[in-house]
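Line order of the protein sequences matches chains F and H.
full-length UniProt numbering numbers the first residue of the first sequence as 1 and each following residue consecutively.
full-length UniProt numbering numbers the first residue of the second sequence as 1 and each following residue consecutively.
Glycine is no exception: its CB is placed at the ideal position from the N, C-alpha and C atoms.
The structure presented is a predicted model; accordingly, all values stated were derived computationally and were not measured.
All remarks here apply to the structure that follows.
2 protein chains.
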Amino acid sequence: MSVTAAAGFRAAGVVAGLKPSGKSDVALVVNEGPQHSAAAVFTSNRCKANPVLWSERTIVDGTLTAVVLNSGGANCYNGPEGFQTTHASAELVAELTGGQAFDVAVCSTGLIGQPLDRPILEAGIRAAHAQLSPDGGPAAAEAIMTTDTVAKQAVVQGGAGSRGPAGEAEERSGAPGVAGEPGKNWVVGGMAKGAGMLAPALATMLVVITTDAAADAATLDAALRAATKTTFDRLDTDGCMSTNDTVVLMASGASGITPAQDELTAAVTTVCADLAEQLWHDAEGAHHDIAIEITGAASEDDAVEVARAVARSNLFKAAVFGNDPNWGRVLAAVGTTQAAFEPEKIDISMNGVKVCRAGGTRFGEPSTSVDLTGRDVHVLVELNAGSSAATILTSDLTHDYVHENSAYST
Amino acid sequence: MSVTAAAGFRAAGVVAGLKPSGKSDVALVVNEGPQHSAAAVFTSNRCKANPVLWSERTIVDGTLTAVVLNSGGANCYNGPEGFQTTHASAELVAELTGGQAFDVAVCSTGLIGQPLDRPILEAGIRAAHAQLSPDGGPAAAEAIMTTDTVAKQAVVQGGAGSRGPAGEAEERSGAPGVAGEPGKNWVVGGMAKGAGMLAPALATMLVVITTDAAADAATLDAALRAATKTTFDRLDTDGCMSTNDTVVLMASGASGITPAQDELTAAVTTVCADLAEQLWHDAEGAHHDIAIEITGAASEDDAVEVARAVARSNLFKAAVFGNDPNWGRVLAAVGTTQAAFEPEKIDISMNGVKVCRAGGTRFGEPSTSVDLTGRDVHVLVELNAGSSAATILTSDLTHDYVHENSAYST
């Protein structure tokens, strides 16, 4: 049910004709209230697409009534005409839904530098508006796909009393996405597309999350920033940062329940983690899903820096593709960072086999004991320099990745 | 003639048996003086191989009598035994040549984390010593190859009077490498192996440069650092930094000529630039040699940062492999940097066609006008933010790169 699991939201996804493939390419998500509070985070790329430039302004007052999204064109670096198309699409949504253009966020994904056909987009928006439905979440999730092979959706129930760390007591996607019943419960649901970190792949990550909890914009913003920091921000499939990434969180308040900040943060984090895992498993051309866990770091920032350096080593990623437990390439990547560590104290394990002990000064297990033939690969780097930890999720470097990204635009 | 083009040097390359392929794998370069001044630069990777840890100490006094090099094993992260092997090899060279172990630099290249067979290496060193010859440069250059498809050598004549910018008046490799005649002329020659920047690919860059000019260690050091900063440091084939990279410069003084600092720097820079170009053209699996030129930067550091960001974008590199002039991926990489620029002022040209004007706000030439089918690709990014410039040399991301690096160690 994704973005329509929460009460107060309607959505639709339609074929406008922006994609040559003829698949659906325009999605609309409308918050029918009674509240319209919202928060959003965007790519940190300094070259931003027109919809990002627009949506950054709309979120300033913490209010959104709708998000309109299109695949089939990034609407980025195509001149003033492109920004006007973004503006026009927000105006049209406002006109159709009886709101204000500045309360409509816009997201686009596709090729950079191409014009986005305004008449086609506008016709798609009208069609999507006509099909808005409280069951429209799945259709919306499909309409934002580009190189994705599956639509990504997640739902969690909030309000089930006190709970442990994020996610532990939550239902995950796959569980029925029951809409929150007003006065009884609240729900967080979301959809995502793309393959990368929050500042990720040019495939672009777009995420819309909705809740029927009552929450002001500041509470939503705190929940969203905390959630993305440990989920989408820790996904780094190919080190490339998009011009279009956007994550929007909207609250309708339709459940009549106002959860505590930590409750809301936990539920949003669970949805983000679930969607991030789905993006990870569907990364372009990947044959292995690689989790790089750093422990014993002097700080969490150090752990993230080291994990990201490994995740961005093409040599390491190519070795994993070849089922080769080449831990020397892990170590060489660690050595490029500024993190606190002493080389001769580092232990490296691959899929549970400690192949490098104390930076090679003590004998590790033979690399031949490591089995990398499965899809899941776990690399553990013990820095032995402190007590902080972090995990980055990445992919291997494969022929399919090269093929997909050498043939994408032509 | 590479390292034996300069008078006062003898070299050899032999088959020791470290490489399963049975190709030559141990090289020795000996400086017979009368001077023995030297300089060296090393990888900035914090995880350093044993020969780097050793050679960093030997260069402190600015004196080297010999460099011994092996392929077939990086001698990195294999414990105390590995460092002892490096030490033992320097001791053996010193014993054979009548010098001090601390005046012998050691370089290794190959797999990390594997023991390096000391008896085989020592037998190779003895054989190489027995074959030392003033014509041994080419054999030495062959013995340090790993994934290289051709040996890299370069020679320039110094002392031809005043000259323009580095290289313009110099002879390049391919010209006969005439040994300098004492009292008349001086020569700089060199050999290299690998595929990457100075802090480059795990394939490891090893470079030995010799000259029969007379120069003290400080002059050599200044020349070498100036030369590498604009040559090997600007080569970035796959963004991966080696644990073993070493560049050594040795002077014999056998020509009897003491060139001025700028003359020596120019000659050394020419040799380094020539070798860097050869490394670029032989990068692992590359189908395109891509020069990324940044102009109009606020500073040279900005230009290098921007060029390197583009050079490390897998999406851009895969697009070039597919002959796809996807300038959006260039722009997205530029946007990840901290360099001074305004997005709407950037122009991008590919192979001479300006495909992006003023950040897409004015119409560029159609991408279909760009021909990327040839080996050489030139990307020009005009930041229009200042007057500094820099060029980074890189490669495309190809199936052959993935294949070579997924199958290297197993």
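Taken through DSSP and simplified to helix, strand or coil, H/Cys107 comes out as strand. Going by DSSP, F/Asp347 is part of the beta strand (DSSP E) stretching over Asp347 to Met350. Across the structure, F/Gly194 and H/Arg312 are spaced so that their CA atoms are roughly 20 Å apart. For the pair of segments examined, the region 258-265 of chain H was found to touch the region 207-225 of chain H: the number of CB pairs separated by less than 8 Å reaches three.
At a cut-off of 7 Å between C-beta atoms, F/Ser71 does not count as an interface residue with respect to chain H. F/Phe316 is classed as buried because its beta carbon has at least 16 other beta carbons within 10 Å across all chains shown. A residue is called buried once 16 or more other Cβ atoms fall within 10 Å of its Cβ, and H/Pro20, having fewer, is exposed. DSSP, read as helix, strand or coil, puts H/Asp282 in coil. H/Gly189 is bridged by DSSP to H/Val155 and H/Thr210. In the DSSP assignment, F/Leu18 falls outside any beta strand (DSSP E), carrying neither H nor E. With respect to F/Gly360, H/Gly113 sits close: the two C-beta atoms are nearer than 7 Å. H/Asn351 does not reach chain F, its nearest Cβ partner there being about 15 Å away, counting only Cβ pairs nearer than 7 Å. Here H/Gly110 has Ser71, Gly72, Gly73, Ala74 and Thr146 as same chain residues with Cβ atoms under 7 Å from its own Cβ, once five neighbours each way along the sequence are excluded. With respect to the 7 Å criterion, H/Gly99 and H/Thr65 are classified as neighbours on the basis of their beta carbons.
Taking a beta-carbon distance threshold of 7 Å, H/Pro259 does not count as an interface residue toward chain F.
The contact set of H/Arg46 on chain F, defined by CB atoms closer than 7 Å, consists of Gly335 and Pro343 in chain order. If you draw a straight line from the Cα of F/Thr231 to the Cα of F/Ala223, it is about 12 Å long. At a cut-off of 7 Å between beta carbons, H/Asp347 makes no contact with chain F. Contact between the region 391-409 of chain H and the region 282-295 of chain H is established, with three or more Cβ pairs separated by less than 8 Å. Shortest Cα-Cα distance from F/Pro115 to any of F/Glu91, F/Ala49 and F/Ala101 involves F/Ala49.
Less than 7 Å divides the Cβ of F/Met1 from the Cβ of F/Val155. In terms of Cα proximity to F/Gly124, the closest of F/Leu28, F/Val353, F/Val41 and F/Thr269 is F/Leu28. Within the region 72-95 of chain F, Ala74, Cys76, Tyr77, Asn78, Gly79, Pro80 and Gly82 place their CB atoms closer than 9 Å to a CB of chain H, listed in sequence order. Remark: C-beta atoms of F/Ser406 and H/Phe83 do not approach each other more closely than 7 Å. With respect to chain F, the C-beta atom of H/Gly110 has no partner C-beta closer than 7 Å. Burial is judged here by how many other beta carbons sit within 10 angstroms of a residue's own beta carbon; H/Asp61 has fewer than 16 and is exposed. Just measuring C-alpha positions, the residue of F/Ala12, F/Asp282 and F/Val26 sitting nearest F/Leu18 is F/Val26. CA-to-CA, the gap between H/Thr97 and H/Ala215 works out to about 22 Å. The three-state reading of DSSP puts H/His287 in coil, since its state is none of H, G, I, E or B. Closest option to H/Pro134, judged by alpha-carbon separation, among H/Val52, H/Asn31 and H/Trp186: H/Asn31.
With a cutoff of 7 Å on beta-carbon distance, H/Thr211 and H/Ala340 are scored as not near each other. Distance from the CA atom of H/Ile294 to the CA atom of F/Ala94, rounded to whole angstroms, is 43 Å.
Between H/Ser24 and H/Gly33 the beta-carbon gap is near 26 Å, outside 8 Å, which marks them as no contact.
DSSP links F/Met145 through a beta bridge to no other residue.
Taking 7 Å as the threshold, the shortest C-beta distance from H/Asn244 to chain F does not fall below it.
The residue among F/Glu142, F/Val304, F/Ser299 and F/Ile209 with its C-alpha nearest the C-alpha of F/Lys229 is F/Val304.
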